[in-house]
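Colleague: In our numbering, the protein residues as written are -12 to 549.
Glycine residues also receive a C-beta, built at the ideal position from the N, C-alpha and C atoms.
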């Protein structure tokens, strides 16, 4: 039997902890170290970098990390796999080779390409298909020590090394699905080890000051154990792994380019201190199309925040709205959004806590309508508006904003290629079989709890949540920590109740997915984020805190659970 593969993670986003690469290399045994640097917003940022410099387009932080750690990884026999190539994986591979030569470290550097579809989508800054892990696997099988990619799925950073190590075929769907689940847990770094965790208050404060990064012990059958290096901060338990499994997912079928993993088959069990075993994962053939993300410029945006202090907050807000509307009437922006945030308190003992915030956000295809026109209108009110008039900061010239869109392309339309250290190019063919993703029928719910006394209390006393973004949609995963709470949650938190608790979703399509093995419900709210994070359509543009808002809402909870 092939030995387990120890895969660690050292980055969950572009800008994550710089020292994590060294910490993971020195903290314990590893076979492969991965880094996830890409997100929808990151692709837009890298695209704008490339406009200024055609040789740019990759995560430069990764190069600086390697300057400190490439020799260490080579000495320890740890292979590095990262999607830091962004829009220019060939450029990053060349830069890594140059760095290795300068450092005198004899490593073989390969890269994966074929995801770039920008030329096929005129008007986009960046259009990239989400590739799977078999290009990475081909590089590793041919002896690469460092593999850099462009846009691959986050889980591909794990499925690729696993397929190479265990010799999995492209049709071994259960094993690949197990690796996808492990990869999804690892991809966001310390979110699997206590970071951003709903029940963080139950741990001693020191545990979460500097959580360690996670690693997975992958087995040949696709099962794994999620853990971390001994002595590092944070913690790994069934709750932290459940939270990350629900992050940025949808239904029970979690589709990817290599396999569709069935999240409703995942079984989590404690395997010792800071160890959670994942097994039972079933997989199905991948869908017939690949997801591709398109980023384009949507126009220009600007904002100004008016401070309303003391009495008559609503009347002050009405006055400034009318004044600004009149001042902008000659050249009104294409979109104007007002939001009054009642941060004020009655009889407050500080001026700040006596103040509310009135936020005005404008968007337009042209910069003039959101730049000079807005700043002039706002500043000219300084001595002619409500008592106590001031703003948090004067509006600037207006900044460009991006728009993200999903499209789908056939596997065969993408030239997925592994480019080896010696220049050889290995084509990676499309999957042999595909299956369209169908909605899983809702499973049978547990018996509801017996009637009894209830108390009005926040949902978060009995349920955890984690939320995130996928384009213009948001997901909110909610889970119970024991069977009694699950029996109540499964019946209480319906789509209707969710809309009551989150009024912002009242008029939007909301779908509930039931995952009994995780004691979890996953809600997908369509369109709540407008045109995606780069468009900054709402206060929390990535829906990172949507789950915590839900947990703060009060409803009638059985006293037996409190």
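According to DSSP, is residue 222 helix, strand or coil?
Modeller: In this structure, residue 222 counts as coil in the three-state DSSP scheme.
Colleague: Between the Cα of residue 162 and those of 202, 149, 172, spot the shortest distance and give me the residue it belongs to.
Modeller: Ranking the options by Cα distance to residue 162, first place goes to 149.
Colleague: Please tell me whether residue 307 and residue 361 are closer than 8 Å, where the distance is taken between their beta carbons.
Modeller: No, these two residues do not count as a Cβ contact at 8 Å.
Colleague: Quick one: Cα of residue 159 to Cα of residue 120, how far?
Modeller: Using only the alpha carbons, I get a separation of about 13 Å.
Colleague: Spatial neighbours of residue 496 within its chain, please: CB distance less than 8 Å, with the 5 preceding and 5 following residues excluded, ordered by chain position.
Modeller: Contacts found: 512, 513, 514.
Colleague: Jot down the residue ranges of each uninterrupted beta strand (DSSP E) in the segment 185 to 254, minimum 3 residues, whole runs only, in chain order.
Modeller: The segment 185 to 254 contains these whole beta strand (DSSP E) runs: 201 to 205, 211 to 215, 240 to 242, 247 to 249.
Colleague: Where residue 532 and residue 204 are concerned, what is the direct C-alpha to C-alpha distance, given to the nearest angstrom?
Modeller: About 31 Å.
Colleague: Comparing C-alpha positions only, which one of 364, 209, 111 sits nearest to residue 312?
Modeller: Checking every option, the nearest Cα to that of residue 312 belongs to 364.
Colleague: When you compare each of 485, 280, 254, 277 to residue 269 by their alpha carbons, which one comes out closest?
Modeller: The shortest C-alpha separation from residue 269 is found at 254.
Colleague: Please report the straight-line C-alpha distance between residue 223 and residue 322, rounded to a whole angstrom.
Modeller: In a straight line, the C-alpha of residue 223 is about 45 Å away from that of residue 322.
Colleague: Tell me which residue opens and which closes the beta strand (DSSP E) that residue 466 is part of.
Modeller: Run containing residue 466: 460 to 467, per the beta strand (DSSP E) assignment.
Colleague: Closer than 7 Å: is that where the CB of residue 260 sits relative to any heavy atom of the ligand NAD?
Modeller: Absence of the ligand NAD from the depicted structure is noted, as is the absence of any ligand whatsoever, leaving it without description.
Colleague: Rounded to the nearest angstrom, what separates residue 487 and residue 460 at their Cα positions?
Modeller: Each residue's Cα considered, the two are about 18 Å apart.
Colleague: To the nearest angstrom, report how far apart residue 192 and residue 101 are at their CA atoms.
Modeller: So the alpha carbons of these two residues sit roughly 46 Å apart.
Colleague: If you measure between the beta carbons of residue 375 and residue 265, is that distance less than 8 Å?
Modeller: No, these two residues do not count as a Cβ contact at 8 Å.
Colleague: Taking just the CA atoms, how far does residue 183 sit from residue 349?
Modeller: So the two alpha carbons sit approximately 31 Å from each other.
Colleague: What separation, rounded to the nearest whole angstrom, lies between the Cα atoms of residue 75 and residue 105?
Modeller: Between residue 75 and residue 105, the C-alpha separation is close to 12 Å.
Colleague: Are the beta-carbon atoms belonging to residue 22 and residue 43 less than 8 Å from one another?
Modeller: Contact: no.
Colleague: Leaving out five residues before and five after residue 292 in sequence, what residues of the same chain have Cβ atoms less than 8 Å from its Cβ?
Modeller: Within the same chain, residue 292 has close Cβ partners 344, 345, 346, 347, 378, 379, 380.
Colleague: Please list the segments of the alpha helix (DSSP H) lying wholly inside the segment 12 to 92, counting only runs of 4 or more residues, in order along the chain.
Modeller: The segment 12 to 92 contains these whole alpha helix (DSSP H) runs: 27 to 39, 47 to 63, 76 to 90.
Colleague: Within its chain, find whatever has a CB closer than 6 Å to the CB of residue 66; leave out the 5 residues flanking it on each side and keep chain order.
Modeller: 19, 132.
Colleague: Report yes if the C-beta distance between residue 92 and residue 134 is below 8 Å; otherwise report no.
Modeller: Not a contact, by the Cβ cut-off of 8 Å.
Colleague: Taking the CB atoms as reference points, tell me whether residue 15 and residue 275 lie closer together than 8 Å.
Modeller: No. Outside cutoff.
Colleague: Output the boundary residues of the alpha helix (DSSP H) element that contains residue 148.
Modeller: First-last of the alpha helix (DSSP H) with residue 148: 143 to 153.
Colleague: In the DSSP output, which residue or residues are listed as bridge partners for residue 103?
Modeller: Its beta-bridge partners are 115.
Colleague: Which residues mark the beginning and the end of the alpha helix (DSSP H) in which residue 539 is found?
Modeller: Note, residue 539: alpha helix (DSSP H), 533 to 539.
Colleague: So what's residue 94 in DSSP terms, helix, strand or just coil?
Modeller: Looking at residue 94 - three-state DSSP - the assignment turns out to be coil, as it is neither helix nor strand.
Colleague: Hey, residue 142 and residue 176 are a contact pair by Cβ (cut 8 Å); roughly how many whole angstroms apart?
Modeller: Residue 142 to residue 176, Cβ: 14 Å. No contact.
Colleague: Out of 34, 77, 71, state which residue places its alpha-carbon closest to the alpha-carbon of residue 412.
Modeller: Out of 34, 77, 71, 77 has the C-alpha closest to the C-alpha of residue 412.
Colleague: Assuming contact is defined by CB atoms lying nearer than 8 Å, are residue 546 and residue 441 in contact in what I supplied?
Modeller: Contact: yes.
Colleague: Which first and last residues belong to the beta strand (DSSP E) in which residue -6 is found?
Modeller: It spans -8 to -4 - the beta strand (DSSP E) in which residue -6 sits, taken as one unbroken run.
Colleague: List the whole-angstrom C-beta distance separating residue 392 from residue 284, where the pair is believed to meet the contact cut-off of C-beta under 8 Å.
Modeller: Actually they are not in contact, since the Cβ atoms of residue 392 and residue 284 sit about 12 Å apart, beyond 8 Å.
Colleague: Among residues of its own chain, excluding the 5 on either side of residue 324, which ones have a beta-carbon nearer than 6 Å to its beta-carbon?
Modeller: Excluding positions up to five away in sequence, the list reads 348.
Colleague: Am I right that residue 214 and residue 261 are in contact with their C-beta atoms under 8 Å? What's the rounded C-beta distance?
Modeller: Indeed they touch by this definition, with Cβ atoms about 6 Å apart.
Colleague: Taking buried to mean at least 16 other C-beta atoms within 10 Å of its own C-beta, is residue 112 buried or exposed?
Modeller: Its Cβ being crowded by 16 or more others within 10 Å, residue 112 is buried.
Colleague: With a threshold of 7 Å on Cβ separation, who are the neighbours of residue 273 within its own chain once the five nearest residues in sequence on each side are excluded?
Modeller: So the list reads 242, 243, 244, 245, 246, 247, 418, 421, once near-sequence residues are dropped.
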